[in-house]
Every structure is written in C-alpha cells, then in structure tokens.
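In our numbering, the protein residues as written are 27 to 453.
For every residue, glycine included, the Cβ atom is placed at its ideal position computed from N, Cα and C.
Please read these numbers as outputs of a predicted model, since none were measured by experiment.
One structure is given below, encoded as structure tokens.
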Ligand code: SDX
C-alpha cells in the first residue's frame, strides 16, 4: 500500500506519494506537484530536499551513524584499507581476493603520467593552489590518453582505476612543482598510499620510505573521507554527470566544490584558527565568543554539520588516531591541546549545545596530517583523493540509472516585472 501525504492549497487537495528508504527514511515525492497544482517548493541549500535515491552511503545524523554500502565506518576503519573500501563503494560489495588484486594491478598500471602530460604543469605559477591544478589536470585527463592507453569510455572499471590512480600522481606532482623539486615517478613495487608518499617526499638520490604508522594513518584518513552521501561536492558531481558529462569532467567540478572553506577547505581553516589561538591572537574562550557573535563573521571551523546533530563518527576515530599517532611519532603538537580545549568548552557552551554543533571530520584531520609531515597546502587535496571513490560511485550509480534526468531546479523569480528598452540618451 503506497503511503501518501495530503497537500491542500486553496480549494485544491492532492495526494503525494511518500517514498520509504531501507533505513526508514521517508520522503514526499513532489515530481508531479507543479503539474497538479502549479506550485513548486523552495528550499535554499536543499536542507530538506532529497535529490535522488541512493544505495551508496547511509548517514543517521542524530545517532552519529555512517555506513558505506551498509558497512559501519568503525568496522572499515579497523579492518579495511582505502583501496578495498574504494572498491566496496564503487562496486557495492567487498571485493574477493581476485577482484582486489585486479583493482590493485590497475592502480599500479595507471599511476604514471604521459611524459607530454607533465608539460601542463609548467604553465602553472609556482604558488598555484594545488586544488586548482588538480581540477584542471583531471579535466585534461579526459582530453588525452595521458598514458598512451585510452580506457574505453564505457569501461567504468578502467576509468575509475585510472582516475583514482592518477589523482595521486597529479597531487604529488603539484606539490613537487610548488617547491621547485623534480617530479618523482611512481614505484610499481609500492601500494597505493606508500606510493603517494614516495612521490611526495622522495628525492632522485634517496627514496623516502614512509613509516608504517604514517602509511596506516593516511590510509585511515583517505578511507574516512571516501564518501558522505549527498554532500556539496558529491551533489556537484551528480549535477554535472546528469547532463551525461564524462566522469573526469564531473569529478573535476567536484574538486571545485570541495575547495570551499565551508566544505573540504575547512581542514586548512581549522589549522589556521588553531594557530591563531596558539600564537596568542586569542584564547580558546575568546574564539568561542567570536564564533557566537554573528557580527564577527567568524565560525568555529571544524565544528557543526548539516546532517550530524551528534558527534561525527569520523571525528571520534580521527581524534583517537591523532592521540595514538602523535605519541608513536613522538610529536608534541600544542595545537592538539588547543583543539581539545576548544572542544571541551564548546561541548558545555549553551550556544553550541542548543544548535547541536559538534566537531566534524575536519576538526582533527589537519592535526593528524600535520604530524605526518603533510603540508597544510595539501590538506584539501588529500580530502579530494579520499573522496574520489565516493564521487565515482555516485556518478556511476546515476549514470546507470535509466530513470535519471538532467538536474534543472526551478526558482521563485523576484526581479523586475516587464520593462521597455530606453535609448541611451534618454536614461
Ligand atoms: C564537511 O555535507 C557533508 O557531508 C560535508 C562533509 C563531507 O564529508 O562531505 O562532512 C565535509 O564539509 C564538514 C563541514 C566542514 N565545515 C566547517 O567545519 C565550517 C564550519 N561549519 C559551519 O560553516 C557549518 O556548521 C556548516 C557549513 C558545516 C553547516 O552549515 P549549515 O547546515 O548551513 O548550518 P547553519 O549555518 O544553518 O547553522 C545553524 C546555526 C546558525 O546559527 P543561528 O542562525 O541558528 O543562530 O548554527 C550556527 C549558525 O550560525 N553555526 C555555527 C557554526 N556552524 C553553524 N556557529 C559558529 N561556528 C560554527 N562552526
């Protein structure tokens, strides 16, 4: 029996179907609303609007639940790797050994960039933001078989592996370019994360061997960032992909959305905020007071979330990892103390408690990356590398849905009513 919602407007009453998801979420299907009533809905920021039905990731913001294809993030963080989790998100189930080996071989195969492709980097200024380079170079991937082997457009498995592998190389090269250092070629003997760290930090005369602690910590960071249902950047990938734009063009657009300080750029903003507090610009209490003052324009970066009205489960995992990794690496970071103080004060402050503002994934990730020697300029790029499998999974889900339509929202027009043209000498 189809559940319905009743809408009465003026002398008209209509029934709208209510859709129920596998976790009990309910949504009113308004696809016939305008045809039946002439009405549209208005929901700036889409806080109450479902854009699609999806089976990739489930979040319960009130309970702090995050599951990739039904698997709790806590179990994946404990037992899985970023590459295995990426395959899970893209293919809908955990891979068997043969599937994982094939995926790993493809990631190795596609790691190198075409020598001619490297010349594009010469066009960027040395201080070019790595996110700008990443977005531009991902788009360039779609314009050239940058490794001499063009994956067929309809072979999503090959395209996915190619994109996931090359974003790592592009990111490392953008970092090396910013320092005027030579590009370091990928090493086929190294697995995904260790190869990235090798390309980031090795020198032609000395290979960088990352410690297992750092490799494990970066694996965890990438896995925790791998997907998050209809967030701003994933929604962007879906909107671009809805016009049947290719996977690379869609993910290049996702990089642009992720770059914003309210989204993926928050991990950099958190470090800047913590450093400002630590260097004596302000105390933790003053930072909270500033965040509560609407006139200040200051927000407590790394706090709050559109969906989580409880702890972001990723923040809890990252907080524990930061404690453990800093101790193992013998790193003493005063910014971690500042972060803990801010969290302690915010969790008992009525302003934050009433608005259910808790630490989100960005609050501790930067401290952990800093301890691992990742430069701040690369924090949001690391987020993009982690989110790539999620973007691919959502693009693929939509691309394979015969019922999907081009995204084209409506609006409520508030501009001038009918005007007439006046010649310039009469204005
Ligand atoms: C990510 O969507 C995702 O899933 C994103 C993400 C992912 O994995 O893809 O989880 C990754 O982007 C995490 C969020 C990173 N951004 C930040 O940490 C920036 C700081 N946070 C805020 O900008 C804000 O909390 C957002 C952007 C995260 C959420 O914004 P919303 O949902 O639009 O919330 P809102 O602005 O409507 O806030 C509600 C109230 C407002 O106060 P009132 O008008 O009710 O008085 O809470 C206040 C806001 O002013 N508020 C904050 C605050 N966040 C919200 N006040 C101070 N500091 C903050 N951080």
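Under 8 Å, Cβ to Cβ, is there at least one residue of chain C near residue i?
i: residue 283; result: Absent here is chain C; the protein component of the structure consists of one chain.
Taking 7 Å as the cut-off, is the C-beta of residue i nearer than that to any heavy atom in ligand 1?
i: residue 388; result: yes
i: residue 292; result: yes
i: residue 257; result: yes
i: residue 358; result: no
i: residue 325; result: yes
i: residue 317; result: yes
i: residue 93; result: no
i: residue 434; result: no
i: residue 333; result: yes
i: residue 71; result: yes
i: residue 420; result: no
i: residue 289; result: yes
i: residue 383; result: yes
i: residue 254; result: yes
On the DSSP bridge assignment, give the partners of residue i in chain order.
i: residue 40; result: 33
i: residue 351; result: Answer is none; residue 351 lacks a bridge partner.
i: residue 94; result: 83 and 97
i: residue 383; result: Residue 383 pairs with nothing; no bridge assigned.
i: residue 157; result: Answer is none; residue 157 lacks a bridge partner.
i: residue 54; result: 44
i: residue 232; result: 229
i: residue 329; result: 385
Taking residue i and residue j to be in contact with their CB atoms under 8 Å, please state how far apart those CB atoms are, rounded to whole angstroms.
i: residue 283; j: residue 268; result: Not a contact, Cβ separation roughly 15 Å.
i: residue 389; j: residue 294; result: Actually they do not touch by this definition, with Cβ atoms about 12 Å apart.
i: residue 150; j: residue 203; result: 7 Å
i: residue 133; j: residue 109; result: 7 Å
i: residue 85; j: residue 254; result: 7 Å
Find the nearest neighbour of residue i within the set the options, judged by alpha-carbon distance.
i: residue 379; options: 329, 407 and 349; result: 329
i: residue 218; options: 251, 298 and 135; result: 135
i: residue 245; options: 229, 204 and 351; result: 351
i: residue 332; options: 377, 302 and 289; result: 289
i: residue 436; options: 345, 106 and 65; result: 65
i: residue 272; options: 207, 189 and 447; result: 189
i: residue 117; options: 169, 416, 447 and 428; result: 416
i: residue 221; options: 407, 235, 432 and 355; result: 235
Should residue i go down as buried or exposed, given a rule of 16 or more other Cβ atoms within 10 Å for buried?
i: residue 175; result: Low confidence applies to residue 175: its pLDDT is 47, below 50, so where it sits in the model is not reliable, and the reading given next is rough at best. That one is exposed.
i: residue 266; result: buried
i: residue 338; result: buried
i: residue 422; result: buried
i: residue 156; result: buried
i: residue 103; result: buried
i: residue 122; result: exposed
i: residue 46; result: exposed
i: residue 419; result: buried
i: residue 257; result: buried
i: residue 38; result: exposed
Comparing the CB of residue i with every heavy atom of ligand 2, is any distance shorter than 7 Å?
i: residue 329; result: Because ligand 2 does not appear in the structure shown, any question about it cannot be addressed here, the ligands present being ligand 1.
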